[in-house]
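The listed protein sequences correspond, in order, to chains A and B. Just so you know, the first sequence maps onto residues 31 to 237 in the working numbering. Just so you know, the second sequence maps onto residues 31 to 237 in the working numbering.
Number of protein chains: 2
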Amino acid sequence: MVPKKEPAERRGRGRPQSFERETALCAAMRLFWDRGYEGTSFDDLIATMGISASSFYNAFGSKEALYHEAIETYMSVAGGWFLDILNENIDTITAFRKLTTTAAMEFTRDDQPSGCMISVAATQCSPGQSRLRDLLASQRTQAEGAMAERLRVGMSAGDLPENTDIDALAAFYGSLLRGMAVQARDGASRDRLLEIARIGMRAWPAI
Amino acid sequence: MVPKKEPAERRGRGRPQSFERETALCAAMRLFWDRGYEGTSFDDLIATMGISASSFYNAFGSKEALYHEAIETYMSVAGGWFLDILNENIDTITAFRKLTTTAAMEFTRDDQPSGCMISVAATQCSPGQSRLRDLLASQRTQAEGAMAERLRVGMSAGDLPENTDIDALAAFYGSLLRGMAVQARDGASRDRLLEIARIGMRAWPAI
DNA sequence: GGATTTATGGAGCGATGGTACCAAAAAAAG
DNA sequence: CTTTTTTTGGTACCATCGCTCCATAAATCC
Chain A
31 MVPKKEPAER RGRGRPQSFE RETALCAAMR LFWDRGYEGT SFDDLIATMG ISASSFYNAF
91 GSKEALYHEA IETYMSVAGG WFLDILNENI DTITAFRKLT TTAAMEFTRD DQPSGCMISV
151 AATQCSPGQS RLRDLLASQR TQAEGAMAER LRVGMSAGDL PENTDIDALA AFYGSLLRGM
211 AVQARDGASR DRLLEIARIG MRAWPAI
Chain B
31 MVPKKEPAER RGRGRPQSFE RETALCAAMR LFWDRGYEGT SFDDLIATMG ISASSFYNAF
91 GSKEALYHEA IETYMSVAGG WFLDILNENI DTITAFRKLT TTAAMEFTRD DQPSGCMISV
151 AATQCSPGQS RLRDLLASQR TQAEGAMAER LRVGMSAGDL PENTDIDALA AFYGSLLRGM
211 AVQARDGASR DRLLEIARIG MRAWPAI
């Protein structure tokens, strides 16, 4: 195969990679996102990434290691809107309104797999995948923790009643988002998800 | 192996089955519930069911056919509370309050796998399993349809405002229940789920 | 008892899964 | 050009997966 032109960057010695690592990683992420870890076969991976088995192991180490990288990529890129919104300098209720409506929009983009890569992954899996299950569960717990943190800030700012059960409220919105992810996977429309988000905001505690 | 005593019932001729079909089916259901379809291996199945490969195929036909039966069993037994509550002759808001709180209870029973067998199944799977994916998605849609139907009855009875978007409200509670199922799988406590259910009822439309 | 029917045990099969290995290729360094 | 370093292509490997086949066992029917 004709190697691609060198990517401007200073290369070390040795034969240059014939593919862009980031592009291949992104392609793998989408496949994992769509099919999950166990549902994505090695052969499908290297076919989609456009590389050989040797190149795969040389560049990514193993299927599991690649999945870890895919998750990281998802969180910082495709799912970056989540933490971005929590960090915006806006009203707490505005932040959560934006969180739910943006989820509705992002979960139904036609240039990406539907739903969320993390929300519904590895909830049912073989015993051999318990490490992955724990990893995914931990990611979900972290996301919920971030929401709880934001709610705590809001409480300090007087955006929430003093007696609000912060952790329960975060768990509620966590549940809602995960359920919306399942709906999206099942083919629910953007409008339908937006309606769900709107109804979900009715549960916001009265000040 | 010593065959068990005949189960009172009139048998035809031929060697009698050495196991109770229903017991084996129930054991399979639990395994599928816990690990999903692809996460459950054939060997694990027959080991848990306590039967041989021959007996398995003789009695159930195939792994996929068994899964279908397991789903039916789940819906009529372990998940029967769902339709039962929708058919109870009670106030609409009472029915949905009972639906969400019962879900919280059922999803965290210590004598069963946590969560719901249907809610989060086959949302991510290999292309070869598209039939199962569609089946599960259809089950979820049906469950949501049953809730919508109940809401429509409630609307006729004056339990809901005239302008209520029934389908959206059903989708909201569908999302919430599915999200709760994920939470349960991730180890959320019964109290936590009950809190989520309580908060979810705040979204009920004001009369 | 013999014939018939159904279930069981056990061996094994073809396909696929993820991975390892090695000689060859393509670059930089000396 | 030679050496060194890294990537690549191809092949082969071993475990697992879902499933099949066949001889045998255990019941009923005549």
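All C-beta atoms in this analysis are idealised placements derived from N, C-alpha and C, irrespective of residue type, glycine included.
Quick check: is the beta carbon of Q154(B) nearer than 7 Å to any beta carbon in chain A? Position 124 of the second sequence, counted from the start, is the residue given in the question as residue 154(B). By this cut-off, Q154(B) is an interface position.
Does the Cβ of V212(A) have 16 or more other Cβ atoms within 10 Å, making it buried, or fewer, making it exposed? For the purposes of this step, residue 212(A) is identified with residue 182 of the first sequence, where counting begins at 1. Buried.
What does A233(A) reach in chain B if we use C-beta pairs closer than 7 Å? Taking the first sequence and counting its residues from 1, one reaches residue 233(A) at position 203. Chain B residues near A233(A): I229, G230, R232 and A233.
In this structure, how does DSSP classify V150(B) when only helix, strand and coil are distinguished? Here the question's residue 150(B) lines up with position 120 in the second sequence. V150(B) falls in the coil class under three-state DSSP.
Just to confirm my understanding: we take L75(B), look at its own chain, exclude 5 residues before and 5 after, and list those with CB closer than 8 Å. What are they? Residue mapping note: residue 75(B) aligns to position 45 of the second sequence, counting from 1. Closer than 8 Å at the Cβ level, and outside the excluded window around L75(B), lie A58, L61, F86, K93 and L96.
Just curious, the alpha helix (DSSP H) that N119(B) is in, first and last residue? Here the question's residue 119(B) lines up with position 89 in the second sequence. Looking at the DSSP string, N119(B) is not in any alpha helix (DSSP H), and its letter there is neither H nor E.
What do you get for M135(B), buried or exposed, if any count of 16 or more other CB atoms within 10 angstroms of its CB means buried? Stepping through the second sequence from its first residue, residue 135(B) is reached at position 105. Burial call: exposed.
Report the three-state DSSP secondary structure of P46(A) (helix, strand or coil). Taking the first sequence and counting its residues from 1, the one referred to as residue 46(A) is at position 16. P46(A): coil per DSSP, three-state reduction.
If you follow the alpha helix (DSSP H) that A236(A) is in, where does it begin and where does it stop? As a position in the first sequence, residue 236(A) is number 206, starting the count at 1. Looking at the DSSP string, A236(A) is not in any alpha helix (DSSP H), and its letter there is neither H nor E.
So, helix, strand or coil for C56(A), using DSSP? Walking along the first sequence from the start, residue 56(A) turns up at place 26. Residue state, collapsed to three classes: helix.
Y104(A) to E225(A), Cα distance in whole Å? Walking along the first sequence from the start, residue 104(A) turns up at place 74. Walking along the first sequence from the start, residue 225(A) turns up at place 195. One C-alpha to the other measures close to 26 Å.
Could you round the C-beta distance between A176(A) and L113(A) to whole angstroms and report it? I think they count as a contact, below 8 Å. Residue mapping note: residue 176(A) aligns to position 146 of the first sequence, counting from 1. Residue mapping note: residue 113(A) aligns to position 83 of the first sequence, counting from 1. Contact holds; Cβ gap of about 6 Å.
Counting only beta-carbon separations shorter than 7 Å, does R127(B) have a partner in chain A? The count along the second sequence starts at 1 and reaches residue 127(B) at position 97. By this cut-off, R127(B) is not an interface position.
Just to confirm before moving on: does the CB-CB distance between C155(B) and R161(B) stay below 7 Å? Numbered from its first residue, the second sequence carries residue 155(B) at position 125. Numbered from its first residue, the second sequence carries residue 161(B) at position 131. For C155(B) and R161(B), no; Cβs fall outside 7 Å.
Is it the case that the stretch 214 to 223 of chain B contacts the stretch 129 to 148 of chain B, given that we only count it when at least three CB pairs across the two stretches are under 8 Å? yes
Cβ pair R232(A), A233(B) closer than 7 Å: By one-based count along the first sequence, residue 232(A) stands at place 202. By one-based count along the second sequence, residue 233(B) stands at place 203. Against a cut-off of 7 Å, the Cβ pair of A233(B) and R232(A) comes out as a contact.
Three-state secondary structure (DSSP) of L190(A): Locating residue 190(A) in the first sequence gives position 160, where the first residue counts as 1. It is coil, neither helix nor strand.
Could you spell out the range, first to last residue, of the alpha helix (DSSP H) harbouring Y103(A)? In the first sequence, residue 103(A) corresponds to position 73, counting from 1. Note on residue identity: the sequence assigns Thr, not Tyr, to residue 103(A). Looking at the DSSP string, the run of the alpha helix (DSSP H) that includes T103(A) is K93 to S106.
I'd like to know whether the C-beta of A214(B) is nearer than 7 Å to at least one C-beta of chain A. Here residue 214(B) refers to the residue found at position 184 when the second sequence is read from its first residue. False, the Cβ-Cβ gap to chain A never drops below 7 Å.
Can R208(A) and G209(B) be called in contact, C-beta distance under 7 Å? Position 178 of the first sequence, counted from the start, is the residue given in the question as residue 208(A). Position 179 of the second sequence, counted from the start, is the residue given in the question as residue 209(B). A contact, by the Cβ cut-off of 7 Å.
Can you give me the C-alpha to C-alpha distance between G42(A) and I101(A), rounded to a whole angstrom? What you label residue 42(A) is simply residue 12 of the first sequence in a count that begins at 1. What you label residue 101(A) is simply residue 71 of the first sequence in a count that begins at 1. If you take the alpha carbons of G42(A) and I101(A), they lie about 28 Å apart.
Specify, as a first and last residue, the run of the alpha helix (DSSP H) that Y13(B) falls within. The requested residue 13(B) does not occur in the structure, where chain B is confined to residues 31 to 237.
Please confirm whether E225(A) has its beta-carbon closer than 7 Å to some beta-carbon of chain B. For the purposes of this step, residue 225(A) is taken as residue 195 along the first sequence, with counting starting at 1. Yes, because at least one Cβ of chain B sits closer than 7 Å to the Cβ of E225(A).
Looking at the C-beta of V150(A), does it have a partner C-beta in chain B at a distance below 7 Å? Along the first sequence, read from residue 1 onward, the residue named residue 150(A) stands at position 120. Chain B, which has a Cβ nearer than 7 Å to the Cβ of V150(A), makes this yes.
Whose C-alpha, out of V107(A), D64(A), E52(A) and H98(A), is nearest the C-alpha of G80(A)? In the first sequence, counting from the first residue as 1, residue 80(A) sits at position 50. With distances taken between Cα atoms, G80(A) lies closest to E52(A).
In this structure, does DSSP put E68(B) in helix, strand or coil? For the purposes of this step, residue 68(B) is taken as residue 38 along the second sequence, with counting starting at 1. It is coil, neither helix nor strand.
Per the contact definition of three or more C-beta pairs closer than 8 Å, is the stretch 136 to 154 of chain B in contact with the stretch 163 to 173 of chain B? yes
Environment of P46(A) [buried if 16+ CB atoms lie within 10 Å]: What you label residue 46(A) is simply residue 16 of the first sequence in a count that begins at 1. Answer is exposed; the Cβ neighbour count stays below 16.
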